[in-house]
Structure formats: structure tokens, C-alpha cells
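Written below as C-alpha cells is the structure these notes are about.
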Amino acid sequence: MIPAPLPRQFPDRAALIDHVRMISGDEGDASPITATDLNAALNALDPAGYGKTRNFLNGKVTRLSAYIRHGMVSLNHVRNLALARVSRKADAEKLVQELGWREFWRKVQAQHPDWIWTDVEAYKTGFTAADYTDDLPDDIAAAETGVAAIDDIITRLKTDGYLHNHLRMYLASYVVHWRQVKWQAGARFMLSHLIDADLASNNLSWQWIASTYSSKPYIFNLENMQKYCGSLITTSAQHNAPLDASYEELSARLFPHKQEF
Ligand SMILES: Cc1cc2nc3c(=O)[nH]c(=O)nc-3n(C[C@H](O)[C@H](O)[C@H](O)COP(=O)(O)OP(=O)(O)OC[C@H]3O[C@@H](n4cnc5c(N)ncnc54)[C@H](O)[C@@H]3O)c2cc1C
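The numbers in the working numbering rise by one with no breaks, and the one at position 52 of the sequence shown is 67.
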């Protein structure tokens, strides 16, 4: 028997939730997380602005990841739209490159499925994998680390199901390098909250930050956060002491056994 097609139109979100409850038999609560509107996100696509501002928390990022992840829009479609929006191809270069990263991680996953959960290489931090904790500490899961910027990021992740790329990098770096937790534990935590959760982009990015799939660990400092986040998260020195140092100081503190930086 051919199953009846699933309805695609609902008067509102409540009707959609009722329908999912009916067909799944699951009476649980729906996630409070909702995606932004796909058409609005496509209309707002500004490739040139993206190239100039994408690293800033209030920069012109696309917020398309959930739609791409769930197959509602293809990478090709976004690339073609980006190229059509600019008069000089170079103005769309940065956005097209980032779309390329997603495709690249997917291809790596297809060729090396075992790299998704196992270290591709050893850590280049002066520590071995055995020096890192297996489980995510409770204070990180609860957004109660006491480092205000990090707690703000974790709260955003849990509330919005979305993080700007820079915030993902900061959080991953804090978990692995400040707290010495295995990247796998952090990756699992992030995946459990992201509406764009994607094994390839997520886990291979965590490995890149950890240095098990890159030549050196990624770290940041408070000055970098202040530059890119402004006042959108709490970046006062008083509330972020562990992050408030130069890169040289942090490298020496976080990686005391590493020979060269
Ligand atoms: C630790 C970590 C975990 C991540 N986990 C995920 C994940 O689970 N799912 C996911 O889709 N992306 C992940 N990313 C990649 C990137 O952060 C998100 O794709 C991006 O922030 C989504 O927001 P956006 O759509 O506004 O991106 P934009 O900056 O507007 O980029 C447009 C699109 O390009 C792609 N893209 C942009 N940057 C990257 C990147 N660095 N790697 C791969 N694709 C990219 C995405 O499809 C994105 O939607 C992760 C990055 C890091 C550092």
C-alpha cells in the first residue's frame, strides 16, 4: 500500500505540532527552537556584506545552516543566488568558500567515516589524548562555568539552537583547551542542541580546533572576543579572568609541555 502523502501546509505551528503528535504517538513537548524564515533569509543574502562582516557577531551571516542541513535549500542554489547578487564575482568569494567548507567536510566524512568520532591525528598541544577528560563537566552543560562570556554562549546554544561560527569556535576551544575535555564530549553536547547539527561540519571542526585534524590548537583571548562580539555577550575583564591574557601568555599557560608555538 502506498502511504498517504504527508501534509505540508498547516494554519499555524500548534496545528503542525498536533499533527506530529498524532502520527508519532509521542505526547512530548515540541522544541521551543524554531528556524528563521527561509525566504526571508534568502532575500536578505548579501554576499559582499558577508565577506566584510561575517566574523562579527552582528555581521551579515546568512542563518541558512538549518535549511541547508535539512535539505530545504541546496548549496548550489545558495551559491548561484550569491553570484547573481554581485556585479563582481570576487564579492561573493568568501560566501562561496564557506559553502565549500561544508561540502569539503561532507566529502571527508564520506571517504573516512571513522574520522567522525576518532582522532584523525594526535593532539599537538603537548598532551596525549589520555590527558583529556572523557565526559563534559556539569558546569559546562549547565552554563555555570563562572566565565561569563562562555556561559552566555552556552545559554545561547541551548536557547536558540544556533550559534554564530565564531561563538562555536570559542566554545569548542574553551572546552578542549581551557578545561582539557576530549573534543568528542564537546561535539556531542553541541550536536544535541544545534538545529543545524551535522556530524561532518561539527565533529571535523571540533577536531580542527582540538588540533587532531590541524597543525596547531586554535585558541582565542578576551581581546578577540571584545572585537568581534562587542557588547552582545558579556566580555568584561572582571567576569572573564581566564580568557584575559595575551596569546603568548595563554599558550604558555594552556600548553606548558609544548615545545614551540
Ligand atoms: C565547533 C564547530 C561546530 C560546528 N558545527 C556545525 C554543525 O553542526 N552544522 C553546521 O551546519 N555547521 C557547523 N559549523 C560550521 C559553521 O559554524 C556553521 O555552518 C555556521 O555558523 C552556520 O551559520 P550560518 O548559516 O549563519 O553561516 P554563514 O556564515 O552564513 O555561512 C553560510 C553557510 O556556509 C556553510 N558554512 C559556513 N561556515 C562553515 C564552516 N566553518 N564549516 C562548514 N560549513 C560552513 C554553512 O552551510 C552555512 O549555513 C561548526 C563550526 C564549528 C567551529
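C-beta: ideal position from N, C-alpha, C; glycine also.
Residue i classed as buried or exposed, judged by whether at least 16 other C-beta atoms fall within 10 angstroms
i: A230; result: The sequence as given places Ser at residue 230; Ala does not occur at that position. Counting Cβ neighbours within 10 Å, S230 comes out exposed, since fewer than 16 surround it.
i: G66; result: buried
i: W116; result: exposed
i: N218; result: buried
i: F276; result: In this predicted model, F276 has a pLDDT of only 49, less than 50, meaning its place in the structure is not dependable enough to derive any value.
i: A29; result: exposed
i: Q222; result: buried
i: R194; result: buried
i: D213; result: buried
i: L79; result: buried
i: M16; result: exposed
i: S220; result: buried
i: A81; result: buried
Proximity of residue i and residue j at Cβ, strictly below 8 angstroms
i: S88; j: L114; result: Contrary to the premise, residue 88 reads as Val rather than Ser in this sequence. Not in contact: V88 and L114 (Cβ atoms no closer than 8 angstroms).
i: A105; j: P62; result: no
i: A187; j: N255; result: no
i: Y233; j: M184; result: yes
i: A144; j: D129; result: no
i: Y147; j: I165; result: no
i: S226; j: K139; result: yes
i: H272; j: F119; result: no
i: N236; j: L258; result: yes
i: D154; j: T160; result: yes
i: A157; j: F204; result: no
i: A215; j: Q124; result: yes
Alpha-carbon spacing of residue i relative to residue j, whole angstroms
i: N54; j: S261; result: 43 angstroms
i: D211; j: G86; result: 11 angstroms
i: I224; j: T249; result: 23 angstroms
i: Y177; j: H208; result: 8 angstroms
i: V196; j: D150; result: 7 angstroms
i: A59; j: Q199; result: 35 angstroms
i: N70; j: M37; result: 43 angstroms
i: W132; j: Q126; result: 14 angstroms
i: G296; j: L90; result: This structure does not reach residue 296, given that the chain is present from 16 up to 276, and the question cannot be answered.
i: V76; j: I168; result: 17 angstroms
i: L57; j: V101; result: 14 angstroms
i: L98; j: K109; result: 11 angstroms
i: L265; j: H192; result: 10 angstroms
i: D44; j: R23; result: 21 angstroms
i: H181; j: L72; result: 7 angstroms
i: L31; j: A137; result: 47 angstroms
i: S246; j: R171; result: 15 angstroms
i: P18; j: T174; result: 36 angstroms
i: S251; j: Q274; result: 32 angstroms
i: R84; j: Q253; result: 38 angstroms
i: G74; j: H179; result: 9 angstroms
i: D41; j: N95; result: 40 angstroms
i: G64; j: V35; result: 39 angstroms
i: S46; j: P20; result: 24 angstroms
i: E263; j: C244; result: 22 angstroms
Residues that DSSP places opposite residue i in a beta bridge
i: V196; result: T148
Closer than 8 angstroms to chain C by CB, residue i
i: P152; result: In the structure shown, chain C does not exist; there is a single protein chain.
Distance cut-off 7 angstroms: residue i Cβ against heavy atoms of ligand 3
i: V191; result: Inclusion of ligand 3 in the displayed structure is not the case, the ligand content consisting of ligand 1 alone.
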